[in-house]
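Novice: Please find one structure pasted underneath; my questions will follow.
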Amino acid sequence: MRIVFAGTPEFAATALRAVAAAGHDIALVLTQRDKPAGRGLELRMSEIKKIALANGLPLLQPESLRNEVVVARLRQTKADIMVVAAYGLILPQAVLEVTPLGCINIHASLLPRWRGAAPIQRAILAGDQETGISIMQMDAGLDTGPILLQRSLPIAEDETAATLHDKLAALGGDAALDVLSALKKGTLKPVPQPMVGVTYAHRVSKHEARLDWTRPALEVERAVRAYNPAPGAHTSLLGDALKVWRGRADQVEQVAGEPGQVIEIGVGLRVACGRGVLDVLELQRPGGRRQAVAEFLRGNAISLGARLGA
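Under our numbering, the first residue of the sequence shown carries the number 7, and numbering increases by one thereafter.
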């Protein structure tokens, strides 16, 4: 099939590689404009742009799709379908209708659960035991279109946003290929999303990733896993910032300490929570590297009874 592909981060790049490797004709690649990143705020190209440039694929980086010139460029491709994955720009009705088979979206949840920008993080935060990929026929709403295909997978007890992202990205690429094949044969029938079970995965902020030690230990552990790798769960000690990269909840009934207080130091730091204890196993100071707690403590003194987040 002749395809316009729209996406930006690595999640989308995995799908683009799969679609290209399957022999589909990539008529045009859309991605967001280069953005400043890092300490030097140098312009950084998206993962999708890197693939397009490396493979000589036609590339377009519009500021908006609400532009007649952009819509005309899309029509000129004479593509059969548009495949979208984590693109980041709103597709107006004129774009949704520009190809005969419309636009399909690769979404990292089992819709209608976790519509929106951060389905992977929200699923972990909520303690979901299962998630998956939905291939959706796009309409004008926010992830509201009918479902063409869904594939599920379990969320492991130690799953981080990073590990779940990679699993879902691979699953999304495979599912997209199956949908493209079925659409070409005319064997797929879109199924409307149910009206019940709708939840929204709002974008994650750095402020939100500050650990709240008054919460139950299990929720604090989920936060550590959900914000890994970005923006990184963080707390503070005597005014200095600390990132917490790994921890394990212990739902012990009796805790002799206030929320955030270090009540034991060993292989990890046992930190009291609102209910239970979090064994903190990996830490990082600003400008430093991630370290197991035993290594971290060799260069950073933390006293028994110290209070995190205070």
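Cβ atoms here follow ideal geometry from the backbone N, Cα and C, with glycine treated the same way.
1) Determine the extent of the alpha helix (DSSP H) in which residue 169 is found, giving its start and end residues.
2) Pairing CB atoms from the region 85 to 94 with CB atoms from the region 102 to 116, are three or more of them under 8 Å?
3) According to DSSP, what are the bridge partners of residue 109?
4) Does the Cβ of residue 130 have 16 or more other Cβ atoms within 10 Å, making it buried, or fewer, making it exposed?
5) Taking the CB atoms as reference points, tell me whether residue 152 and residue 202 lie closer together than 8 Å.
6) By DSSP, does residue 20 sit in helix, in strand, or in coil?
7) On a CA-only basis, which of 145, 147, 121 and 132 is nearest residue 139? Give me that one, please.
8) So, using beta-carbon positions, are residue 28 and residue 83 closer together than 8 Å?
9) Label residue 208 either buried or exposed according to how many other C-beta atoms from any shown protein chain fall within 10 Å of its C-beta, with 16 as the threshold for buried.
10) Among 275, 19 and 26, which one has its Cα closest to the Cα of residue 38?
11) Could you name each continuous alpha helix (DSSP H) segment of 4 residues or more that falls completely within the region 228 to 314, going from the start of the chain to the end?
12) By the three-class DSSP mapping on this structure, what secondary structure does residue 224 have?
13) I'd like the list of long-range same chain contacts for residue 76, defined as Cβ closer than 6 Å, with 5 residues on each side in sequence excluded.
14) Cβ of residue 240 within 8 Å of Cβ of residue 215?
15) Is it the case that the Cβ atoms of residue 268 and residue 283 are separated by a distance below 8 Å?
16) Report the three-state DSSP secondary structure of residue 160 (helix, strand or coil).
17) Roughly how many whole angstroms lie between the Cα atoms of residue 97 and residue 11?
Specialist: According to the structure shown:
1) Within the sequence shown, numbered from 1, the residue matching residue 169 stands at position 163. Note, residue 169: alpha helix (DSSP H), 167 to 191.
2) yes
3) One-based indexing of the sequence shown puts residue 109 at position 103. Partner(s): 88.
4) Numbered from 1 along the sequence shown, position 124 holds the residue referred to as residue 130. When all chains shown are included, residue 130 counts as buried.
5) One-based indexing of the sequence shown puts residue 152 at position 146. One-based indexing of the sequence shown puts residue 202 at position 196. Taking 8 Å as the Cβ cut-off, residue 152 and residue 202 do not qualify as a contacting pair.
6) By 1-based counting over the sequence shown, the position of residue 20 is 14. In this structure, residue 20 counts as helix in the three-state DSSP scheme.
7) Your numbering for residue 139 matches position 133 in the sequence shown. Out of 145, 147, 121 and 132, 121 has the C-alpha closest to the C-alpha of residue 139.
8) Stepping through the sequence shown from its first residue, residue 28 is reached at position 22. Stepping through the sequence shown from its first residue, residue 83 is reached at position 77. For residue 28 and residue 83, no; Cβs fall outside 8 Å.
9) The residue given as residue 208 occupies position 202 in the sequence shown. So residue 208 counts as exposed.
10) Within the sequence shown, numbered from 1, the residue matching residue 38 stands at position 32. For residue 38, the nearest C-alpha among the options comes from 19.
11) 299 to 305
12) Within the sequence shown, the letter at position 218 stands for residue 224. In the structure shown, residue 224 sits in a helix (DSSP, three-state: H, G or I).
13) Here residue 76 refers to the residue found at position 70 of the sequence shown. Result list for residue 76: 68, in chain order.
14) Locating residue 240 in the sequence shown gives position 234, counting from the first residue. Locating residue 215 in the sequence shown gives position 209, counting from the first residue. Yes, Cβ-Cβ distance for residue 240 and residue 215 is below 8 Å.
15) Counting from one through the sequence shown, the residue named residue 268 turns up at place 262. Counting from one through the sequence shown, the residue named residue 283 turns up at place 277. In this structure, residue 283 does not lie closer than 8 Å to residue 268 by Cβ.
16) Within the sequence shown, the letter at position 154 stands for residue 160. Correct three-state label for residue 160: strand.
17) Residue numbering aside, residue 97 sits at position 91 when the sequence shown is read from its first letter. Residue numbering aside, residue 11 sits at position 5 when the sequence shown is read from its first letter. Roughly 13 Å between the two C-alpha positions.
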